[in-house]
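Novice:
2 protein chains.
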Amino acid sequence: MVKRALPHGRASRRPTSAEVAALAGVSRTTVSLVLNDRGGELGISAETRARVADAAARLSYQPSHAARSLRRWRTNVIALLLYTLDSFYNAEIIGAAHAAALERGYSLNIMSAKFDEVQRRAYSLLSGGVADGVIVAAPPADFAADLKKLAENGMPIVVMQHHSPDPALQAVRVDLERGGYVATRHLIDLGHRRIAHIGSASQRLLKRRERSDGYLQALQDAGIAADPRLIAMAEPSLAGGFSAMQELLAQDERPSAVFVYSDQMAVGALHALRKHGVRVPEEMAVVGFDGIALGGFVTPELTTVDYSRADIGRLAVEAVISRLEGEAEPLREQVLPVRLLVRESCGGVRTVSDGEGA
Amino acid sequence: MVKRALPHGRASRRPTSAEVAALAGVSRTTVSLVLNDRGGELGISAETRARVADAAARLSYQPSHAARSLRRWRTNVIALLLYTLDSFYNAEIIGAAHAAALERGYSLNIMSAKFDEVQRRAYSLLSGGVADGVIVAAPPADFAADLKKLAENGMPIVVMQHHSPDPALQAVRVDLERGGYVATRHLIDLGHRRIAHIGSASQRLLKRRERSDGYLQALQDAGIAADPRLIAMAEPSLAGGFSAMQELLAQDERPSAVFVYSDQMAVGALHALRKHGVRVPEEMAVVGFDGIALGGFVTPELTTVDYSRADIGRLAVEAVISRLEGEAEPLREQVLPVRLLVRESCGGVRTVSDGEGA
DNA sequence: ATTGTTATCTAACACGATTTAGAAGAAGGC
DNA sequence: GCCTTCTTCTAAATCGTGTTAGATAACAAT
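Line order of the protein sequences matches chains A and B.
Take 1 as the starting number for the first sequence in the numbering used here and just add one per residue.
Take 1001 as the starting number for the second sequence in the numbering used here and just add one per residue.
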């Protein structure tokens, strides 16, 4: 055999199935059958199977991902598109998604989709077939249109946490409206009437404002008129929560309670309250959203709307895979429940909801 | 042309370069040359180029990632292996890395490498050629051995933040020893003698304990004997910092200051101090590490050792790409500086170091 | 001896792109 | 008219794998 010079841009030579075949003294077909565990049914003798497996191990052969997915039309990769990687809850979602994917023989490719340019790149990668399916958190309208195109080409796409922006996309979402409702209702039950809301400016891009809708509904059901001056929007970050709270505190007639879009913003808001000498919960009750670990490590400990991040990750992965393997009729939407986690910052009884406090 | 049934596991049909060629009335070769911007030099007329580009756009043609990387020996993907996705600073690293990669025409594939099984999977993916290069945060010894094999096969591998565990791997690291030294030295200069240290249990797996070494060196230089009872190790999390601090507070003779492995642990430690009624900084000075945003939103605001997360991400990506494109002799190691960011929790003067306080 | 059956393995094609080597035609110089 | 040169394009090989259709040999049944 002539040893050619290394072609083109290749730095080194990985072994191919042909080399394994040569070492084992069989054909490439046999190597492929054995290594894909189809040797038994297709009548490759146990002795040959062992010889092939041994040869592959000796060369530490690893099939080429590119060649395999070109031939198989399957990458066994699921893309996970996230907008922020700076939230504590993402780690739980990703961990559970990883475990679920691994169990079924898939890998996760996490992509950031924070900026427009990265979204365009993600779209071109995905339509180039870099993954078999996609899980995505709330996509803005223009990106959702791209994703819809992919879905129409047969790629399973699951929207995570939020409502699906389009019927072509499946959803594994959280009952955010109910979360907003329960949080606000809790504050009402504690006697508050002037209840403010800090929302996320990013919601402007989406059609629905799920948490805010729950807030407004709870006020309406209690016969309290919503006051637009009590609603502040800001970036969903620590700094955003901080500045939104400062805005609320600048008002003549301050609210006595506030429902905040996320725990992260709520931590920023708490810092603003301390800076202004406002005692929590005595002068201002605070309820956040998400149930992140950090909420238990601030003073006062943060009351929040909790839900299972792990279930989101796991169910989203399973939804993609069951579509890919055509196991069952896919569910168009799965809705996960929320629960109010009462700690210190709201001034209520310290429990884990489901209970019916005074 | 006969329309075949869709082969095998394929859900739908994406257009191929052959279809673009047919629509434009040219050969596949021409399509390839035009779409890869080699049409000019290789004498494809402007008129033909326009026709091909138009046909590709009309079909919204996207080259198959698998076929292209099979042929080119290049995926234009850089893998980014992270151990924790729950740290606030990761977002900055990833954001900067993304921007740098995009600018050079590469994409980032973020993989979690938190669990052994995921590490094995990551290794098999990488040796299957799923990416052209790898950026990884402190790999434990067994995984580092795998990475070394990849490096010896010619794959560029860059270790991020920490010392490289092996000379075969490049490093873009932070001067963690100096950070530990500066932080501890600051506490000494403020008059503290009993200075505790909360470290990360994960360091046990690594050869070096960089921050801790700086702490010990500073004590030694000041003629203070290190007291093993003043060193507590725990998981690098909020809860870990909380429990480590509780351990330190249980001692007969409490320290008057503590240098903590990370800001995240420090926030947990601050919560423990408040629970025990220990005033910060009056009764206990605290210095963290990393400079995450959260440190500015806790009470008291956290003094910390800061460094540029963005530079780490950017330089790591550039190191991988310059190896891939063979531009220059690669640097075996790049060391980024740290700076002490003095806020409230240490009781020192509020500045941004570089200054020489009293 | 022929035919059929079973067990085991292989030759050759296909996947979709890039690239090498060279073809076809026009233009120009003699 | 013949040779060279340039411009513009293409046929065919190639990357490493998976898969289809069929080869070969051994053995049994008739």
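Where a beta carbon is used, it is the ideal one built from N, C-alpha and C, also for glycine.
Note that the structure is a prediction, hence the values are computed from the model and not measured.
Is S1107 (chain B) helix, strand or coil when you go by DSSP?
Specialist: Correct three-state label for S1107 (chain B): strand.
Novice: Hey, quick one: how far does the alpha helix (DSSP H) through F1115 (chain B) stretch, first residue to last?
Specialist: Neither: F1115 (chain B) is in no alpha helix (DSSP H) and is coded neither H nor E.
Novice: Counting contacts by CB-CB distance shorter than 7 Å, is L1023 (chain B) in contact with chain A?
Specialist: For L1023 (chain B), the answer is no, since every Cβ of chain A falls outside 7 Å of its Cβ.
Novice: Report yes if the CB atom of L160 (chain A) is closer than 7 Å to the CB atom of I292 (chain A), and no otherwise.
Specialist: In the sequence as presented, Leu is not what sits at residue 160 (chain A); that position holds Met. Contact: no.
Novice: I need the DSSP call for P236 (chain A), collapsed to helix, strand or coil.
Specialist: It is coil, neither helix nor strand.
Novice: Assign R211 (chain A) to buried or exposed, taking buried as 16 or more other Cβ atoms, counted over all protein chains shown, within 10 Å of its Cβ.
Specialist: Buried, because 16 or more other Cβ atoms sit within 10 Å of the Cβ of R211 (chain A).
Novice: Going by alpha carbons, who is nearest to G129 (chain A) out of B:L1219, B:H1065, B:S1262?
Specialist: Among B:L1219, B:H1065, B:S1262, the Cα nearest to that of G129 (chain A) belongs to B:H1065.
Novice: Would you say Q246 (chain A) lies against chain B (beta-carbon separation less than 7 Å)?
Specialist: False, the Cβ-Cβ gap to chain B never drops below 7 Å.
Novice: Quick check for students: name the residue ranges of the beta strand (DSSP E) that lie wholly in the segment 282-314 of chain A, counting only runs of 3 or more.
Specialist: If we require 3 residues or more, the beta strand (DSSP E) runs fully inside the segment 282-314 of chain A come out as 285-287, 304-306.
Novice: For M245 (chain A) versus A226 (chain A), is the C-beta distance shorter than 7 Å?
Specialist: Cβ atoms of M245 (chain A) and A226 (chain A): not closer than 7 Å.
Novice: For a test of the three-state rule: what should DSSP assign to M1245 (chain B), helix, strand or coil?
Specialist: Of the three classes helix, strand and coil, the one that applies to M1245 (chain B) here is helix, per DSSP.
Novice: Buried or exposed: where does R1071 (chain B) fall if 16 or more other Cβ atoms within 10 Å of its Cβ makes it buried?
Specialist: By the 10 Å Cβ count, R1071 (chain B) comes out exposed.
Novice: Short of 7 Å in beta carbon distance, which residues of its chain neighbour L1108 (chain B), apart from the five on each side in sequence? Order them along the chain.
Specialist: Contacts found: I1078, L1080, A1097, H1098, A1101.
Novice: Return the residue from the list A:G348, A:A18, A:E19 that minimises the CA-CA distance to T184 (chain A).
Specialist: The residue with the shortest Cα to Cα distance from T184 (chain A) is A:G348.
Novice: I need the straight-line Cα distance from P156 (chain A) to E329 (chain A), nearest angstrom please.
Specialist: The straight-line gap from Cα to Cα measures roughly 13 Å.
Novice: Ends of the beta strand (DSSP E) at V1136 (chain B)?
Specialist: Start and end: 1133-1137.
Novice: Using CA atoms only, rank isn't needed, just tell me which of B:S1045, B:A1168, B:D1189, B:G1268 is closest to E1152 (chain B).
Specialist: Answer by Cα proximity: B:A1168.
Novice: Ends of the alpha helix (DSSP H) at L1176 (chain B)?
Specialist: It spans 1176-1189 - the alpha helix (DSSP H) in which L1176 (chain B) sits, taken as one unbroken run.
Novice: Is L336 (chain A) helix, strand or coil when you go by DSSP?
Specialist: Strand at L336 (chain A).
Novice: If you draw a straight line from the C-alpha of T16 (chain A) to the C-alpha of L1150 (chain B), how long is it?
Specialist: C-alpha separation (whole angstroms): 16 Å.
Novice: Considering Cα atoms alone, identify which of B:V1317, B:R1209, B:D1290, B:Y1123 is closest to L1340 (chain B).
Specialist: Of the candidates B:V1317, B:R1209, B:D1290, B:Y1123, the one whose C-alpha sits nearest the C-alpha of L1340 (chain B) is B:D1290.
Novice: Counting beta carbon pairs with one atom in the segment 1294-1312 of chain B and one in the segment 1173-1191 of chain B, are three or more of them shorter than 8 Å?
Specialist: Segments in contact, yes.
Novice: Give the interface partners of S112 (chain A) over in chain B, defined as CB-CB distance under 8 Å, in chain order.
Specialist: Within chain B, the residues near S112 (chain A) are I1094, G1095, H1098, L1108, I1110.
Novice: Closest Cβ-Cβ distance between G1355 (chain B) and chain A: below 7 Å?
Specialist: Legend: pLDDT at G1355 (chain B) = 33, less than 50; position of this residue unreliable, value from coordinates given subsequently. No, G1355 (chain B) lies away from the interface with chain A (no Cβ there is under 7 Å from its Cβ).
Novice: Can you name the start and end residues of the alpha helix (DSSP H) that L1147 (chain B) belongs to?
Specialist: Counting along the chain, the alpha helix (DSSP H) containing L1147 (chain B) begins and ends at 1141-1152.
Novice: Can the beta-carbon of G1268 (chain B) be found closer than 7 Å to that of F1297 (chain B)?
Specialist: Cβ atoms of G1268 (chain B) and F1297 (chain B): not closer than 7 Å.
Novice: Could you tell me whether any Cβ in chain A is nearer than 7 Å to the Cβ of H1276 (chain B)?
Specialist: No, no contact with chain A.
Novice: Determine, using beta carbons only, whether A1137 (chain B) and E1333 (chain B) come nearer to each other than 7 Å.
Specialist: No, the pair does not count as a contact, with Cβ atoms beyond the cut-off.
Novice: Would you say the beta carbon of C1346 (chain B) is closer than 6 Å to some non-hydrogen atom of the ligand SAM?
Specialist: What this structure holds is no ligand at all, so the ligand SAM is not there to describe.
Novice: Evaluate G1133 (chain B) with the Cβ neighbour count: other Cβ atoms within 10 Å of its Cβ, from every protein chain shown; 16 or more gives buried, anything less gives exposed.
Specialist: With 16 or more Cβ atoms within 10 Å of its Cβ, G1133 (chain B) is classed as buried.
Novice: Taking the straight line between their C-alpha atoms, what separation do you get for A144 (chain A) and F1088 (chain B)?
Specialist: Near 27 Å, if we compare the C-alpha coordinates of F1088 (chain B) and A144 (chain A).
Novice: Which residues does DSSP list as the beta-bridge partners of M160 (chain A)?
Specialist: In DSSP, M160 (chain A) forms a bridge with A:A137, A:V172.
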